[in-house]
Amino acid sequence: MSSINVGYFPGCSGLGTSMEYERSTRAVCRELGIGLREIPDWNCCGSTPAHSTDSALSAALASRVFAQGENAGIGDVITPCPSCLKNLRVALEHMEDPLFSARVEALTERPLKMQHSIRSVLQVMVEDVGTERIRGRVRRSLKGLKVVPYYGCLMTRPEKVMRFDDPENPVALDRLLEALGAEVLPFPLKTDCCGGSFSIPSRKVTPRLAGRILDMAGEVGADLVVVACPLCQMNLDLRQGQIRAGGIDRVLPVPYFTQLMARAFALPEADAAFNKLVEDIEPAFACMQRRAADIEAEERKAAAAEAEKARLAAERAAKAAEKAKDAGPDGAGAKSAGAKKTKGKADAGGGDV
Amino acid sequence: MKIGVFICHCGSNIAGTVDCAAVAERASTYPDVVYATDIMYACAEPGQDAIIAAIKKHGLTGVVVASCTPRMHEPTFRKAVERAGVNRYMFEMANIREHVSWIGKDIEANTNKAAELVRMAAAKLRLDRELKPKSFPVTKRLLVIGGGVAGIQAALDAADAGLEVVMVEKQPTIGGKMAKLDKTFPTVDCSSCILGPRMVDVAQHPNITLYAYAELEEVSGYVGNFDVKIRKKATYVDWDKCTGCGLCTEKCPSKKSYDRFNEGVGPTTAIIIPFPQAIPKKASIEREYCRQFNKGKCGVCAKVCPTGAVNYEMQDETVEVKVGGIVAATGYDLVDWKVYSEYGGGRYPDVVTSLQYERMLSASGPTGGHVKRPSDGTEPVNVVFVQCVGSRDPSIGRPYCSGFCCMYTAKQAILTKDHIPGSQSYVFYMDIRSPGKGYDEFTRRVQEEYGARYVRGRVSMIYPKGGKLMVRGADTLMGTQVEVEADLVVLAVGAEASANSSALAEKLRISYDGYGFFMEGHPKLKPVETNTAGVFLAGSCQGLKDIPSSVAQGSAAAAKALGLLSRDMLDSDPQIASVSVNRCVGCRKCIEVCPFKAIQEVDMRGQPKAEVIETVCQGCGLCNATCPQGAIQLSHFTDNQILAEVEALCRF
Chain A
816 MSSINVGYFP
826 GCSGLGTSME
836 YERSTRAVCR
846 ELGIGLREIP
856 DWNCCGSTPA
866 HSTDSALSAA
876 LASRVFAQGE
886 NAGIGDVITP
896 CPSCLKNLRV
906 ALEHMEDPLF
916 SARVEALTER
926 PLKMQHSIRS
936 VLQVMVEDVG
946 TERIRGRVRR
956 SLKGLKVVPY
966 YGCLMTRPEK
976 VMRFDDPENP
986 VALDRLLEAL
996 GAEVLPFPLK
1006 TDCCGGSFSI
1016 PSRKVTPRLA
1026 GRILDMAGEV
1036 GADLVVVACP
1046 LCQMNLDLRQ
1056 GQIRAGGIDR
1066 VLPVPYFTQL
1076 MARAFALPEA
1086 DAAFNKLVED
1096 IEPAFACMQR
1106 RAADIEAEER
1116 KAAAAEAEKA
1126 RLAAERAAKA
1136 AEKAKDAGPD
1146 GAGAKSAGAK
1156 KTKGKADAGG
1166 GDV
Chain B
1304 MKIGVFICHC
1314 GSNIAGTVDC
1324 AAVAERASTY
1334 PDVVYATDIM
1344 YACAEPGQDA
1354 IIAAIKKHGL
1364 TGVVVASCTP
1374 RMHEPTFRKA
1384 VERAGVNRYM
1394 FEMANIREHV
1404 SWIGKDIEAN
1414 TNKAAELVRM
1424 AAAKLRLDRE
1434 LKPKSFPVTK
1444 RLLVIGGGVA
1454 GIQAALDAAD
1464 AGLEVVMVEK
1474 QPTIGGKMAK
1484 LDKTFPTVDC
1494 SSCILGPRMV
1504 DVAQHPNITL
1514 YAYAELEEVS
1524 GYVGNFDVKI
1534 RKKATYVDWD
1544 KCTGCGLCTE
1554 KCPSKKSYDR
1564 FNEGVGPTTA
1574 IIIPFPQAIP
1584 KKASIEREYC
1594 RQFNKGKCGV
1604 CAKVCPTGAV
1614 NYEMQDETVE
1624 VKVGGIVAAT
1634 GYDLVDWKVY
1644 SEYGGGRYPD
1654 VVTSLQYERM
1664 LSASGPTGGH
1674 VKRPSDGTEP
1684 VNVVFVQCVG
1694 SRDPSIGRPY
1704 CSGFCCMYTA
1714 KQAILTKDHI
1724 PGSQSYVFYM
1734 DIRSPGKGYD
1744 EFTRRVQEEY
1754 GARYVRGRVS
1764 MIYPKGGKLM
1774 VRGADTLMGT
1784 QVEVEADLVV
1794 LAVGAEASAN
1804 SSALAEKLRI
1814 SYDGYGFFME
1824 GHPKLKPVET
1834 NTAGVFLAGS
1844 CQGLKDIPSS
1854 VAQGSAAAAK
1864 ALGLLSRDML
1874 DSDPQIASVS
1884 VNRCVGCRKC
1894 IEVCPFKAIQ
1904 EVDMRGQPKA
1914 EVIETVCQGC
1924 GLCNATCPQG
1934 AIQLSHFTDN
1944 QILAEVEALC
1954 RF
């Protein structure tokens, strides 16, 4: 599997609030040989404001995206945003029903002709590229970095739609971050609600829910929270001032997993785009480097101790061989030593009696 | 031949969608039918009397009743015609209820179909011959599979009535799940104190032979004369020599073995006596943990055993027993709750199952009856009980209610307060199901006197935080979300049919439902019989039930078995296969297909021929269909009779 060619749907946040996700995704895909063909003149996926109003109108938006893909000969599409993923996939599944699909086609006037699939960037990384190949690309290991992965509500749920990883305790991102060299801490709130778009109807809800996640991340000792969703990232990163005002005193950077991949692959700084984060990530990296140095020193010490042990063992073996040679004139030292040992044991047995 | 036809209304069950009078009228035109009528309830006393009267009045020599399934009332009507002096096999039934009236609403179509079914039955009846049963002797010995409380009750009742009983238990001790419980609801009396003496009775009863750590290997034969093979699994300890002194369990160096009896609360040794009151109180070696087997050296138990009972060379042994009846009492297992990743899926040590909690509460358990958090050994203050974990949950294929969890949870909440007076219990529940004698009062008592806080709602998530467990759920009565900080969480894990129950059912040739529970003969009227003669059910293997119901069903199964085995002779069913030696070419195909080993090869003037062993044949008809020569005929279902039915149906 040398190269993968897929259609690419950046989603609206990729052009604005999650520019760093978009940039690092493209850079990392380039590095891993994933050819991204952006769907020409794509439009809104049909997310929350649309699907909560009318499912057919929402599906019509999604359907136009796929129709645009067909114009460029694109059937299989990936997207970094879980919300886009969910909408595009739900639209495809609903359109398997001929009645529903007729309603959508009446709106778009563009019936779909090709087979379509939609998956997340994370899913492609884990399932198609694989953690081993990712590990092989790492040039600047994240050794010493303590991270918690945060999947949010949509990456693995609803289970029947997403069909990816364990819905309640997913581990795909854990494995990927381990491949980058980071230390992944057990994180019980990895699929908890970040507050989503609740900040629109009620401003108090989001900081409370996002604060709970940050608080737990801090409590388990994480340097940062790794995310895969633009809305989660915004709630967890942008609102830390509000969260601190609510009494939870945690300062944690919240990068996208693709940004950490860009750093581990030693891609240019502009590709990782850490400068787009609200909470500064550099202190976390500084901490990582100190810890990595400590770990390496420990490892060197342990290796030296191991080598010393091996040397002593070899020395003892050599001495024993020398002795055996002196004792046994015909050179069957080992055998006679064995015989001696057995005899000793028999003697001891006799003593018991 | 003079045939009488009776079309049953079954109240409105049949008459609601079948024109019974029209069916009777059409039946009167069928060959040999001299009398046809419709009747309100054929099975009721006036109905049976009417059939008998008609037989006498019209001199009938054969009877067709069109009503329900023959599973329901064929024996009833056979007895009725016999009372009128007609051979019981000169009777046919047409099923116009389950096969017609209950499945369609089109009266015209239903009436036509009913008339056709009656035509087939009458056509078959014309070729019926009088059959006479033969009788055979009965083996007056009962096999009880499973030594839980239901099996124990069945065995003791049967043995006390004078029957010989063989009990097979797959674990090294009898006692089942009840032996693991600390107390029982709603009386909160000590479980082992009431069960222990019964277990001793089983061991000491002169009529009971106990095979513990053994499994049923094979069953052949038939009601009254089953041949059973029991595999005694190797315990690596000669139980004739073992005195149960326990020295080996003290000295065993492999101290990290999984403790099956204590549900893994604390480790145990590789050679074990499951618990102090175990019956039989004998040691056995768990091979997977034993150093002698895994590393090839150790032998400590063999050295310390004062009677030299340990034998690492021991092999499984097969025992063959002949029994007349079988009681299956194989109980249940807990659902694998680890599918619930939202409850930690086993990642959090302080989330335990209800059965593990019982072992913690029990004075003879690994914690000596002290409730301690498995993670750090401290005493919990806030204990949260989560009900319906694996019950009433279609998402994991367990949509049914396990029946006893509401009650044992209430009991455990009471015991928690008794053990730790300063504790506070919370119970998350869906509905409190307590329909038993004194049960609802009990669930009130735990809330009103013991202060357990009952929260109506499901728990969505359990997660660790700062050494505690946060239990997040809904309070659907208050319409709010709740989060409880718990020191210990006890999951009321639901129950399912015991592992391999389907394999056992196939050995016993009984049916089981989609969940693996054994099917009773009739959901209301035959709760302990199965559709296989001579096989009875007791306890949770038939459907989940609590201790009182299990005991009641154990007694009921014993009563049914005693009824069967009190007879010296049983009538054999004459609806069996027979071989026409002129046609048989000795190809042995019938011998190969017979599931009952009822056909043997005999030599007839130098020619091999098949011969049916009449008492073994169950009349299943496999040989009949297999025989390439048409040499085997099944009495009452001959090829000619089946063809007559086909021809009656496909006339044009």
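Chains as they are written, first to last, in our numbering: chain A, 816 to 1168; chain B, 1304 to 1955.
C-beta atoms are modelled at their ideal positions from N, C-alpha and C, and glycine is treated no differently.
None of these values were measured; they are calculated from a predicted model.
Query raised in the report: What are the boundary residues of the alpha helix (DSSP H) that Ser935 of chain A is part of?
Result: Looking up residue 935 of chain A in the first sequence gives position 120. Counting along the chain, Ser935 of chain A falls outside any alpha helix (DSSP H), though it belongs to the beta strand (DSSP E) covering Ser932 to Ser935.
Query raised in the report: Taking 9 Å as the CB-CB limit, is Lys1768 of chain B close to chain A?
Result: On the second sequence, residue 1768 of chain B is found 465 positions in, with the first residue counted as 1. So yes, Lys1768 of chain B belongs to the interface.
Report task. Let me know if Ser1698 of chain B comes out buried or exposed under the rule of 16 or more other beta-carbons within 10 Å of its beta-carbon. Result -> Sequence index remark: in the second sequence, residue 1698 of chain B carries index 395 (1-based). Result: exposed.
Requested in this report: Go ahead and label Cys1496 of chain B buried or exposed: buried means 16 or more other beta carbons lie within 10 angstroms of its beta carbon, across all protein chains shown.
Outcome: To locate residue 1496 of chain B, count along the second sequence from 1; it is residue 193. With fewer than 16 Cβ atoms within 10 Å of its Cβ, Cys1496 of chain B is classed as exposed.
Report task. Answer with yes or no whether the minimum CB distance from Glu983 of chain A to chain B is below 9 Å. Result -> Counting from 1 along the first sequence, the entry for residue 983 of chain A is found at position 168. Yes, Glu983 of chain A counts as interfacial toward chain B.
Requested in this report: Hey, could you find the ends of the alpha helix (DSSP H) Cys1496 of chain B is sitting in?
Outcome: One-based indexing of the second sequence puts residue 1496 of chain B at position 193. Run containing Cys1496 of chain B: Ser1494 to Gln1507, per the alpha helix (DSSP H) assignment.
**Report entry** Coil, strand or helix - Leu1937 of chain B by DSSP
**Finding:** What you label residue 1937 of chain B is simply residue 634 of the second sequence in a count that begins at 1. Strand.
Query raised in the report: If you measure beta-carbon to beta-carbon, which residues of the stretch 1002-1031 of chain A are closer than 7 Å to chain B?
Result: Pro1003, Leu1004 and Met1031
Report task. Determine the chain B residues that contact Glu1034 of chain A at a beta-carbon separation under 9 Å, and present them in chain order. Result -> Taking the first sequence and counting its residues from 1, one reaches residue 1034 of chain A at position 219. In chain order: Lys1768 and Gly1769.
Query raised in the report: Is the shortest distance between the beta-carbon of Arg1701 of chain B and the beta-carbons of chain D less than 9 Å?
Result: Protein chains A and B are contained in the structure displayed, whereas chain D is not.
Query raised in the report: CB-CB under 8 Å to Arg954 of chain A, same chain, minus the five flanking residues each way: which ones, in chain order?
Result: Counting from 1 along the first sequence, the entry for residue 954 of chain A is found at position 139. For Arg954 of chain A, where only same-chain residues beyond five positions count, the Cβ hits under 8 Å are Ala1079, Phe1080 and Ala1081.
Query raised in the report: If you drop the 5 nearest sequence neighbours on each side, which residues of the same chain put their C-beta closer than 7 Å to that of Val1607 of chain B?
Result: Position 304 of the second sequence, counting from 1, holds the residue named residue 1607 of chain B. Excluding residues within five positions, the ones whose Cβ falls inside 7 Å are Leu1550, Cys1551 and Lys1554.
Query raised in the report: Are Asp1341 of chain B and His1361 of chain B close, meaning C-beta to C-beta below 9 Å?
Result: Walking along the second sequence from the start, residue 1341 of chain B turns up at place 38. Walking along the second sequence from the start, residue 1361 of chain B turns up at place 58. Going by C-beta atoms, Asp1341 of chain B is not nearer than 9 Å to His1361 of chain B.
Requested in this report: Kindly indicate which three-state DSSP category Asn1614 of chain B falls into: helix, strand or coil?
Outcome: Looking up residue 1614 of chain B in the second sequence gives position 311. Asn1614 of chain B falls in the coil class under three-state DSSP.
Query raised in the report: Ordered along the chain, which non-local residues of its own chain (more than five positions away) have a Cβ less than 7 Å from that of Pro1767 of chain B?
Result: Within the second sequence, residue 1767 of chain B is the residue found at index 464, counting from 1. Once the five neighbours on either side are set aside, the close Cβ partners of Pro1767 of chain B are Tyr1651.
Query raised in the report: With which residues is Asp1141 of chain A paired in a DSSP beta bridge?
Result: Here residue 1141 of chain A corresponds to residue number 326 of the first sequence, with the count starting at 1. Per DSSP, none; premise fails for Asp1141 of chain A.
Query - Cβ-based neighbour list, Met1733 of chain B, same chain, cut-off 6 Å, excluding 5 preceding and 5 following - result: As a working mapping, residue 1733 of chain B is identified with position 430 in the second sequence. Same-chain partners within the cutoff: Cys1691.
Requested in this report: Could you have a look at Ala1043 of chain A and say whether DSSP puts it in helix, strand or coil?
Outcome: Counted from its first residue, the first sequence places residue 1043 of chain A at position 228. Assigned with DSSP and collapsed to three states, Ala1043 of chain A falls in coil, not helix or strand.
Query - Contacts around Pro1500 of chain B, its chain only, beta-carbon distance under 8 Å, and the 5 residues preceding and following it disregarded - result: Counted from its first residue, the second sequence places residue 1500 of chain B at position 197. Excluding sequence neighbours, Pro1500 of chain B sits near nothing in its chain.
Query raised in the report: If contact means a Cβ-Cβ distance below 7 Å, which residues of the stretch 1621-1646 of chain B contact chain A?
Result: Ser1644 and Glu1645
Report task. Count the other C-beta atoms from every protein chain shown that fall within 10 angstroms of the C-beta of Ser1956 of chain B, then say buried if there are 16 or more, exposed otherwise. Result -> There is no way to answer for residue 1956 of chain B, as the model of chain B reaches only from 1304 to 1955.
Report task. Kindly identify the DSSP beta-bridge partner or partners of Phe1596 of chain B. Result -> Your numbering for residue 1596 of chain B matches position 293 in the second sequence. Within the DSSP bridge table, the entry for Phe1596 of chain B names no partner.
Report task. With 9 Å as the threshold, decide whether the Cβ of Gly1567 of chain B is near any Cβ in chain A. Result -> Indexing the second sequence from 1 puts residue 1567 of chain B at position 264. Not an interface residue.
Query raised in the report: Which residues in the same chain as Pro964 of chain A place their Cβ atom closer than 7 Å to its Cβ, once the five residues preceding and following it in sequence are excluded?
Result: By 1-based counting over the first sequence, the position of residue 964 of chain A is 149. Closer than 7 Å at Cβ, skipping near neighbours: Leu988, Asp989, Leu992, Val999, Phe1002, Lys1005 and Val1041.
Query raised in the report: Can you check whether the CB of Ser898 of chain A is closer than 9 Å to the CB of Leu1046 of chain A?
Result: Here residue 1046 of chain A corresponds to residue number 231 of the first sequence, with the count starting at 1. Here residue 898 of chain A corresponds to residue number 83 of the first sequence, with the count starting at 1. Against a cut-off of 9 Å, the Cβ pair of Ser898 of chain A and Leu1046 of chain A comes out as a contact.
Query raised in the report: Quick one: does Arg1886 of chain B have its CB under 9 Å from some CB of chain A?
Result: Counted from its first residue, the second sequence places residue 1886 of chain B at position 583. Not closer than 9 Å to any Cβ of chain A, the Cβ of Arg1886 of chain B fails to qualify, so no.
Query raised in the report: What does Gly1648 of chain B reach in chain A if we use C-beta pairs closer than 9 Å?
Result: Here residue 1648 of chain B corresponds to residue number 345 of the second sequence, with the count starting at 1. Residues of chain A passing the Cβ test: Asp981, Glu983 and Asn984.
Requested in this report: Starting from the C-beta of Gly1146 of chain A, find all residues in its chain whose C-beta is less than 8 Å away, skip the five residues before and the five after it, and write them out in chain order.
Outcome: In the first sequence, counting from the first residue as 1, residue 1146 of chain A sits at position 331. Residue placement at Gly1146 of chain A cannot be trusted, given a pLDDT of 47 that sits under 50; the coordinates are not used to answer.
Query - With 16 other Cβ atoms within 10 Å as the buried cut-off, status of Thr1956 of chain B - result: Nothing in the structure corresponds to residue 1956 of chain B, since chain B is present only between 1304 and 1955.
Query raised in the report: If we count the other Cβ atoms within 10 Å of its Cβ and call it buried at 16 or more, is Phe1460 of chain B buried or exposed?
Result: Here the question's residue 1460 of chain B lines up with position 157 in the second sequence. Before going further, note that residue 1460 of chain B is Asp rather than Phe in the sequence given. Buried is the call here.
Query raised in the report: Is Gly822 of chain A helix, strand or coil by DSSP?
Result: Residue mapping note: residue 822 of chain A aligns to position 7 of the first sequence, counting from 1. Reduced to three states, the DSSP call for Gly822 of chain A is strand.
Query - Rounded distance between the beta-carbons of Gly1454 of chain B and Val1686 of chain B, thought under 8 Å - result: The count along the second sequence starts at 1 and reaches residue 1686 of chain B at position 383. The count along the second sequence starts at 1 and reaches residue 1454 of chain B at position 151. No, Val1686 of chain B and Gly1454 of chain B are not in contact; Cβ-Cβ is about 33 Å, not under 8 Å.
Requested in this report: Decide if Asn1927 of chain B is buried, meaning its Cβ has at least 16 other Cβ atoms within 10 Å, or exposed.
Outcome: Counting from one through the second sequence, the residue named residue 1927 of chain B turns up at place 624. With 16 or more other Cβ atoms within 10 Å, it is buried.
Query raised in the report: Where do the ends of the beta strand (DSSP E) carrying Asn1286 of chain B lie?
Result: Within the shown structure, residues of chain B are numbered from 1304 to 1955, placing residue 1286 of chain B beyond reach of any answer.
Query raised in the report: Thinking C-alpha only, which one of B:Asp1790, B:Gly1602, B:Gly1365 and B:Ala1356 is nearest Glu1433 of chain B?
Result: Counting from one through the second sequence, the residue named residue 1433 of chain B turns up at place 130. Selected option, being the one with the closest Cα: B:Gly1365.
Requested in this report: Could you check how far apart the C-beta atoms of Phe1439 of chain B and Met1872 of chain B are, in whole angstroms? I think they sit under 8 Å.
Outcome: Start at 1 with the first residue of the second sequence, and residue 1439 of chain B comes out as number 136. Start at 1 with the first residue of the second sequence, and residue 1872 of chain B comes out as number 569. Yes, Phe1439 of chain B and Met1872 of chain B are in contact; Cβ-Cβ is about 7 Å, under 8 Å.
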